[in-house]
């Protein structure tokens, strides 16, 4: 059996690395697909409610805020013409897509931590597994979106054509952030804990369950949060409201894609060091 010794190669040619990464992604695509299929089947095979658990966080979070608003415990403002149940269900669903995607790289690679130091295979397959799992869950999460639009008889406008682009923008933005922090997250478990703790907090600085405040310090916090524009415009594409930040989203997506390529190279070059650390 061939013995593979992992060492750190300090010489890096960026575009050659990208070409090599692309070649490994293509060659390991079937492996990533099979790992994704196996994980999805194992997670839901012995579950009575099956795929419902993918939707459970969205449904529970939405019901909590609908109850608080309906009981008068909190007074939530929404854009004129958008019923609050529509606003909150769309918002929490879109947010769950972001939250899950940002955690998918580190979660997926962590799940393969026991084999990455023992078996020589393209580690990008683990990233692709996380990405495929996020896409699968995203498709399932379209169910409440379609359901709430039908219930409230909201007719789509031409803006609906931009919905796939905005979902792609959120996915690339989130996956890029997750990828950048994955090497450190494999060595230090604190990174995963910070993500788990920080993402719910960040939701309250984003117009997920209530509109952007018009006064006070939170108005400025929302303004400097890029997710404010992504979440608002993605929801607007579904309810037929005006799109406000298309150019910002295009620029953010382009920058995210460039950083994603850099992140892939960093991930590839750092894996020998990471494997040495976790294997030792």
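In my numbering, the protein residues as written are 94 to 373. Glycine included, C-beta positions come from ideal geometry on N, C-alpha and C.
| request: Label residue 335 either buried or exposed according to how many other C-beta atoms from any shown protein chain fall within 10 Å of its C-beta, with 16 as the threshold for buried. | output: The residue labelled residue 335 in the question sits at position 242 within the chain shown. Counting Cβ neighbours within 10 Å, residue 335 comes out exposed, since fewer than 16 surround it.
| said: According to DSSP, simplified to helix, strand and coil, what is residue 295? | reply: Your numbering for residue 295 matches position 202 in the chain shown. Residue 295: helix per DSSP, three-state reduction.
| Contiguous alpha helix (DSSP H) assignments of at least 4 residues, all confined to the region 138-203 | As far as the region 138-203 is concerned, its whole alpha helix (DSSP H) runs of at least 4 residues are 145-163.
| Closest by C-alpha distance to residue 206, when choosing among 219, 195, 197 | As a working note, residue 206 is residue 113 in the chain shown. When each option's Cα is compared against that of residue 206, the closest is 219.
| field | Rounded straight-line distance, which links the Cα of residue 265 to that of residue 223 | value | Looking up residue 223 in the chain shown gives position 130. Looking up residue 265 in the chain shown gives position 172. Cα to Cα, residue 223 sits roughly 13 Å from residue 265.
| request: Flag this pair as yes or no: are the beta carbons of residue 285 and residue 199 separated by less than 8 Å? | output: What you label residue 285 is simply residue 192 of the chain shown in a count that begins at 1. What you label residue 199 is simply residue 106 of the chain shown in a count that begins at 1. Yes, these two residues count as a Cβ contact at 8 Å.
| From which residue to which residue does the alpha helix (DSSP H) around residue 333 run? | Here residue 333 refers to the residue found at position 240 when the chain shown is read from its first residue. No alpha helix (DSSP H) contains residue 333, which DSSP labels as neither H nor E.
| Buried/exposed call for residue 145, threshold 16 Cβ in 10 Å | Start at 1 with the first residue of the chain shown, and residue 145 comes out as number 52. Exposed: under 16 other Cβ atoms inside 10 Å.
| Cβ pair residue 226, residue 132 closer than 8 Å | Along the chain shown, one-based indexing puts residue 226 at 133. Along the chain shown, one-based indexing puts residue 132 at 39. Yes; because the gap between Cβ atoms is below 8 Å, this pair is in contact.
| Near residue 301, which residues of its chain fall below 7 Å by C-beta distance, leaving aside the five closest residues on each side in sequence? | Numbered from 1 along the chain shown, position 208 holds the residue referred to as residue 301. 184, 185, 188, 324, listed in sequence order.
| request: Please determine, among 243, 252, 351, the residue with the shortest C-alpha to C-alpha distance to residue 182. | output: Numbered from its first residue, the chain shown carries residue 182 at position 89. Checked all of 243, 252, 351; the closest Cα to residue 182 is 243.
| Cβ-based neighbour list, residue 250, same chain, cut-off 8 Å, excluding 5 preceding and 5 following | Taking the chain shown and counting its residues from 1, one reaches residue 250 at position 157. By the criterion of a C-beta distance shorter than 8 Å, residue 250 is surrounded in its chain by 333, once the five residues flanking it on both sides are discounted.
| Ordered along the chain, which non-local residues of its own chain (more than five positions away) have a Cβ less than 8 Å from that of residue 306? | In the chain shown, residue 306 corresponds to position 213, counting from 1. Annotation for residue 306: 312, 315 place their beta carbon closer than 8 Å to its own, counting only its chain and skipping 5 residues before and after.
| DSSP on residue 306, reduced to helix/strand/coil? | Numbered from its first residue, the chain shown carries residue 306 at position 213. Of the three classes helix, strand and coil, the one that applies to residue 306 here is coil, per DSSP.
| Could you give the distance in angstroms between the alpha-carbon of residue 277 and the alpha-carbon of residue 245? | The count along the chain shown starts at 1 and reaches residue 277 at position 184. The count along the chain shown starts at 1 and reaches residue 245 at position 152. Between residue 277 and residue 245, the C-alpha separation is close to 45 Å.
| said: If I measure Cβ to Cβ from residue 95 and keep anything under 6 Å in the same chain, skipping five residues before and after, which residues do I get? | reply: Stepping through the chain shown from its first residue, residue 95 is reached at position 2. Note that residue 95 scores a pLDDT of 49, beneath 50, so its modelled location is shaky; the value from the coordinates is reported in the next line. Once the five neighbours on either side are set aside, residue 95 has no close Cβ partner at all.
| Exposed or buried, residue 107, counting other C-beta atoms within 10 Å across all chains shown (16 or more means buried)? | On the chain shown, position 14 is the one that residue 107 refers to. The residue is exposed, with fewer than 16 neighbouring Cβ atoms inside 10 Å.
| said: I need the boundaries of the alpha helix (DSSP H) containing residue 114, first residue and last residue. | reply: As a working note, residue 114 is residue 21 in the chain shown. Secondary structure note for residue 114: its alpha helix (DSSP H) is the uninterrupted segment 107-120.
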